[in-house]
Amino acid sequence: MKEPFLSALPLIHEIEAAGFEACFVGGSVRDFLLGREIHDVDIATSATPDEMKKIFSKTVDVGIEHGTIMVIHGGKGYEVTTYRSEHDYKDYRRPESVTFVRSLYEDLKRRDFTMNAIAMDKKGNFIDPFEGRSALSKKVIAAVGSADERFREDALRMMRAVRFVSQLGFHLDEKTENAMKQHARLLQHISVERVTAEFAKLLNGKHKKKAFELLLKTGIYMYLPSLFNKEEVVRSASRLEISSLKENDMWLLALYLSGENPVTTLKKWRLPSKKIKLLAQALPCLLRRQHHDWSGFELFAAGKEMAILVESVFLTIGGEEADVAHLMDMYDNLPIKSLKELAVNGHDLIRWTDKQSGPWMGKALHEAVHAVINGEVANNKQEIRSWMENCRLI
Ligand code: ATP
Ligand code: MG
């Protein structure tokens, strides 16, 4: 066994010492078997949350109604979830209440895909009643049991399937794919936040092209919020070299391809306002970039994050690989990267002129930034002062 399982092993030992079962489950076991980076280690147990609280002194209620508590151990938090079976699915959504059970098999049975329904015990033995390991070796995503029922129970699982395609490059087994075609419209019942969370992972995946093809083939795209609900947008994006692009690049690319208003469109996905602001500013910047190369001042004004974003999408649209190394060199060589770095500030201007503060100051500083970036004057207080005097800015 390896990290991060090793660090979490004492938790399993303690739960077992108290007379209950516990094992690793879900994404961490899947990613371990695939040799991928392991994110969060999830533990499943036969102990109820109340029983767990008696075993561990430091716990946080993170999702107690679903049987999940966080156990703090060695300065880290581990999610431990009681074995549960889900029923009473209403409106094609995850149930509000769950039933705790004492059987690991029952718990694995309610999971979405066979590759996500593998458990690993403290010795590293696998409990794999649905042949998830075989699915992993065949690179197949297959629903646990009847795909038809599983998607009707919780339609978000269809979105999860597509994002796993994007992350892993796997394909769907035939029954799972057919069930998706049949139930795509059920996605309308799922909250935008849950769809967006999965979609963001899809947009970061390496195999987006394959995922987009699946969105089209199954008709899922039609039930997504604005932008990616347009066939031409999804199709055009999938024809470009998008594999290395990240989530924000993909939002910007889709905005460009669709011609839709960035703010109203991205609000429909309930994206954080900071992200919406960045993307709304990036779009005009991208349109400008199509007409001419970056000037030093444009790079300065855009800032590093936005410049990389815009350049990546610009290169992708032009059929090139999104290699931004050259632009980064340009950015790193800017004499100043923010107004704060300018050797002169508003106080200096007032001291030098005895004038009242006013819009003239902003103009003078702005001109000075331009001049410094264009190499007309060095970023030095005295030199900038003389330059400003020569230009009659002060
Ligand atoms: P990631 O590596 O992105 O976290 P994950 O598979 O761990 O992927 P989580 O959302 O963390 O995804 O869920 C943990 C586990 O819970 C899954 O592996 C799966 O077994 C189960 N699960 C999650 N969501 C669902 C769902 N909607 N229906 C059924 N089982 C689910
Ligand atoms: Mg996970």
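All letters in the sequence shown, in the order written, are residues 721 to 1114 by my numbering.
From the three backbone atoms N, C-alpha and C, an ideal C-beta is built for every residue, glycine too.
When Cβ pairs closer than 8 Å are counted between the two stretches, the region 762-773 is seen to touch the region 735-743, the count reaching three or more. Every alpha helix (DSSP H) stretch that sits fully inside the region 782-835 and reaches 4 residues is listed by chain position as 824-829. Fully contained in the region 863-947 are the following alpha helix (DSSP H) runs of length 4 or more, in chain order: 867-873, 876-888, 894-903, 912-924, 928-938. In the DSSP assignment, F850 falls outside any beta strand (DSSP E), carrying neither H nor E. The shortest C-alpha to C-alpha distance from R877 to any of T834, G852, E980 is the one to T834. Under a 10 Å Cβ-count criterion, E873 is classified as buried, with 16 or more other Cβ atoms of the shown protein chains found around its own Cβ. With three or more CB-CB distances shorter than 8 Å, the region 1078-1090 counts as touching the region 1052-1068.
No Cβ-Cβ contact shorter than 7 Å links V791 with V782. Distance from the CA atom of H891 to the CA atom of T1036, rounded to whole angstroms, is 25 Å. Proximity of the region 943-955 to the region 1022-1030 falls short of the contact definition, fewer than three beta-carbon pairs being nearer than 8 Å. When only Cα atoms are considered, E1096 and S1106 end up about 12 Å apart. Remark: C-beta atoms of V1030 and L1006 approach each other more closely than 7 Å. At a threshold of 6 Å, R877 counts as near the ligand ATP, since its beta carbon sits closer than that to one of the ligand's heavy atoms. Minimum Cα-Cα distance from W1014 among the listed residues L998, L1054, E980, A1000 corresponds to L1054. The beta carbon of G925 is closer than 7 Å to those of R883, S886, Q887, A931 in its chain, skipping five residues each way along the sequence. With a cutoff of 7 Å on beta-carbon distance, S958 and E980 are scored as not near each other. Pairing R870 with K829, the inter-Cα distance amounts to about 10 Å. Put simply, of A974, S964, D969 the residue whose alpha carbon is nearest the alpha carbon of E951 is A974. In the DSSP secondary-structure assignment, M840 is bridged to F744, F846. Taking a C-beta distance under 7 Å as the contact criterion, M840 and V780 do not qualify as a contact pair. Three or more Cβ pairs closer than 8 Å define a contact, and the region 1033-1052 meets that threshold against the region 991-1011. For the pair F1017 and Q1001, the Cα-to-Cα distance works out to about 16 Å. Around the beta carbon of D1043, a 10 Å sphere encloses fewer than 16 other beta carbons of the protein chains shown; the residue is thus reported as exposed. The nearest non-hydrogen atom of the ligand MG is less than 6 Å from the C-beta of G747. A1000 sits in a helix when the DSSP states are folded into three classes.
Nearest neighbour of G747 by Cα position, chosen from C1111, M900, G852, turns out to be G852. Within the region 748-787, complete alpha helix (DSSP H) segments of at least 4 residues are found at 769-775, given in chain order. When only Cα atoms are considered, L726 and D827 end up about 23 Å apart. In this model, V864 and M900 are separated by some 14 Å (Cα to Cα).
Look at V860 here: in three-state DSSP terms it is strand.
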